[in-house]
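*Asks:* Have a look at the structure that comes next, please.
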Amino acid sequence: MLFSFKDRKKGLQIMQNGPWNVRGNMVNLRLWWKGESVFEVDYDFMEFWIQIHGIPHDFMDKETGVRIGEMLGVLAEVEDPKTDDIRRRSYLRIRISINITKSLPTGFWLDREELPPLWVFFRHERLPNNYYFKCGILGHEKKTCKNPIAMPCWDPTKKKYAPGLGSGHGRLGSTAGGESSKQQR
1 MLFSFKDRKK GLQIMQNGPW NVRGNMVNLR LWWKGESVFE VDYDFMEFWI
51 QIHGIPHDFM DKETGVRIGE MLGVLAEVED PKTDDIRRRS YLRIRISINI
101 TKSLPTGFWL DREELPPLWV FFRHERLPNN YYFKCGILGH EKKTCKNPIA
151 MPCWDPTKKK YAPGLGSGHG RLGSTAGGES SKQQR
């Protein structure tokens, strides 16, 4: 399906507020450059806002968000968890483009000096529960899965796919003066 927006600014705003879904099906909106064929548009990547939970207090900053985002995919934006030097939430929030033909990232072990490793976990905003819980790949079911590996959701050493990997919206409320850091693509 092809969507076209007469107002470029409005179209970009709609893309940035995604991902979108219609009746539980993800809609992957992509920019289509002048002269580009429909067969050249890469639909394997999709931008998500990801919440990063469990980060220790002293790592709750934009720099940590940049480092984690660059590990996960193509970093688009990092939202500052602070406004006027006051932390407004207990997690970091980043927007990245990830390969949706692969398992969704769920978290990582954070090594710490003199403390045991800590499981840091992700919540994907606006993610419907239409991914296959065994492999964590969007857009298919058990009968069409090419990688039906069982993934227990009670063991944080394994990838965790279960209802709840998604999250509602995570934007801060009215945050006058709140800034986000946008990376060049």
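Counted the way the UniProt record's numbering counts, the sequence shown spans residues 1 to 185. Here a beta-carbon is modelled for each residue, glycine too, at the ideal position from N, C-alpha and C.
Does the contact criterion of 3 or more C-beta pairs under 8 Å hold for the region 68 to 79 versus the region 88 to 105?
*Replies:* Yes: the two stretches touch, three or more of their Cβ pairs being nearer than 8 Å.
*Asks:* Which whole-angstrom value is the C-beta distance of MET15 and LEU29, which I expect to be below 8 Å?
*Replies:* On the sequence shown, position 15 is the one that residue 15 refers to. On the sequence shown, position 29 is the one that residue 29 refers to. Confirmed, about 5 Å.
*Asks:* Report the rounded CA-to-CA distance for THR101 versus GLU113, giving the unit in angstroms.
*Replies:* Position 101 of the sequence shown, counted from the start, is the residue given in the question as residue 101. Position 113 of the sequence shown, counted from the start, is the residue given in the question as residue 113. Taking the straight line joining both Cα atoms gives about 35 Å.
*Asks:* So, with DSSP's three-state summary, where would you put residue 211?
*Replies:* Absent from the model: residue 211. The displayed extent of the chain is 1 to 185, so no value can be given.
*Asks:* Suppose only complete runs of 3+ residues qualify. What are the beta strand (DSSP E) ranges in the region 16 to 78, listed by chain order?
*Replies:* Runs of the beta strand (DSSP E) inside the region 16 to 78: 20 to 22, 25 to 27, 45 to 53.
*Asks:* Can you name the start and end residues of the beta strand (DSSP E) that PRO116 belongs to?
*Replies:* Position 116 of the sequence shown, counted from the first residue, corresponds to residue 116. Where PRO116 is concerned, the enclosing beta strand (DSSP E) stretches over 115 to 125.
*Asks:* Measure the alpha-carbon distance for GLU63 versus HIS53 and round it to whole angstroms.
*Replies:* Here residue 63 refers to the residue found at position 63 when the sequence shown is read from its first residue. Here residue 53 refers to the residue found at position 53 when the sequence shown is read from its first residue. One C-alpha to the other measures close to 15 Å.
*Asks:* Would you mind sorting ILE86 into buried or exposed? The rule is 16 or more other CB atoms within 10 Å of its CB.
*Replies:* For the purposes of this step, residue 86 is identified with residue 86 of the sequence shown, where counting begins at 1. ILE86 comes out exposed.
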